[in-house]
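Enquirer: Residue numbers for the sequence shown follow this note's numbering, so the first one is 510 and each next one is one higher.
For every residue, glycine included, the Cβ atom is placed at its ideal position computed from N, Cα and C.
These numbers were taken from a predicted model, which means no experiment stands behind them.
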Amino acid sequence: MLADSFRYPLRDGDARDATATCTGLVLVALLLLRAARALWPDLLALFPIVFALVPTVLFAGYLGRVVDTGGRPSSTPFSWSMRSVRLGVRVVVVAAVYLFPAALALALTAFVVLGGGGMLLTLAPTLALLVTVAACYLLPAAVAAAGRNGLRSGFRRASLGGLASGSYFFAWTVGTSLVVSTWSLLTAVRLATPAAVALSVVFAYVHVVAARLVGEGLDRSRWEPA
Numbered sequence: 510m511l512a513d514s515f516r517y518p519l520r521d522g523d524a525r526d527a528t529a530t531c532t533g534l535v536l537v538a539l540l541l542l543r544a545a546r547a548l549w550p551d552l553l554a555l556f557p558i559v560f561a562l563v564p565t566v567l568f569a570g571y572l573g574r575v576v577d578t579g580g581r582p583s584s585t586p587f588s589w590s591m592r593s594v595r596l597g598v599r600v601v602v603v604a605a606v607y608l609f610p611a612a613l614a615l616a617l618t619a620f621v622v623l624g625g626g627g628m629l630l631t632l633a634p635t636l637a638l639l640v641t642v643a644a645c646y647l648l649p650a651a652v653a654a655a656g657r658n659g660l661r662s663g664f665r666r667a668s669l670g671g672l673a674s675g676s677y678f679f680a681w682t683v684g685t686s687l688v689v690s691t692w693s694l695l696t697a698v699r700l701a702t703p704a705a706v707a708l709s710v711v712f713a714y715v716h717v718v719a720a721r722l723v724g725e726g727l728d729r730s731r732w733e734p735a
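1. Which residue spans inside the stretch 579-666 form an unbroken beta strand (DSSP E) run of at least 3?
2. Is it buried or exposed, D728, if we count other Cβ atoms within 10 angstroms and call 16 or more buried?
3. Output the residue ranges of the alpha helix (DSSP H) runs that lie fully inside the stretch 521-584 and measure 4 residues or longer, sorted by chain position.
4. Once you ignore the five residues that flank F712 on each side, which residues in its own chain have a CB closer than 7 Å to its CB?
5. Give the single residue among L672, L639, V602, L555 whose Cα lies nearest to the Cα of A569.
6. Classify G659 as buried or exposed, calling it buried when 16 or more other Cβ atoms lie within 10 Å of its own Cβ.
7. Between which residues of its own chain and G617 is the CB-CB distance below 6 Å, once the five residues before and five after are set aside?
8. Could you tell me the boundaries of the alpha helix (DSSP H) in which G671 lies?
9. Counting Cβ pairs closer than 8 Å, one from the stretch 527-543 and one from the stretch 553-562, do we hit at least three?
10. Determine the extent of the alpha helix (DSSP H) in which A719 is found, giving its start and end residues.
11. Less than 8 Å between the CB atoms is what I'm expecting for A654 and A554, so what's the real figure, rounded?
12. For the alpha helix (DSSP H) containing A735, name the first residue and the last one.
13. Could you compute how far the alpha carbon of S584 sits from the alpha carbon of Y571?
14. Between the beta-carbon of F678 and the beta-carbon of G726, is there less than 9 Å?
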């Protein structure tokens, strides 16, 4: 499972074309965000932010398709169809909803730490970690369910069952570690530099690998969406 996932983004023409397209989408999004940062706090900064949603949705749509087809041996070609756009919107919405509690918990933790919250100073980081791990652990199943059966399926409790599997846990652990490491590198690199361009290739590759991993982990766990 692990070796196949690392080969997946480059194993044939369709896979390489899709990975190259995803790299281009990441680059476009980074450039638009750089433009937004340059314009901030002017209201004109909102325009590149809104435009950055387009490559983000297309990239998310492809990742959603890779997760959904994780158990299939064939590669997933990139598609510019409206179906991919709709899937990308579902993935972004599901991710935003599932990660919101984690973001809120982290924000509250920062508030407690800065305010010197006594006993809360001990409990808040632990609570934030638990909420974040739980949300991220359920997210791939929710994304796959929303992709197959519609947005509502991603929020049904029945779609989140069957995840107590060694295969899924292993795939999720490796995939999450890769994604978190790549995001950490991205935040440390200045946009529109040669390093950012190189990192965008790694960023796209790693996310496709992670999507393939968790998709295959879901397939091996015999998970089924509601």
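Expert: Taking the geometry as given:
1. none
2. buried
3. 522-548, 555-577
4. V535, T691, L695
5. V602
6. exposed
7. Correcting the residue type first, residue 617 is Leu in the shown sequence and not Gly. Same-chain partners within the cutoff: there are none.
8. First-last for G671: undefined, no H or E at that position.
9. yes
10. 703-729
11. Not quite, the Cβ-Cβ distance comes to about 35 Å (not below 8 Å), so this is no contact.
12. A735 -> no alpha helix (DSSP H), and no H or E assigned at all.
13. 12 Å
14. yes
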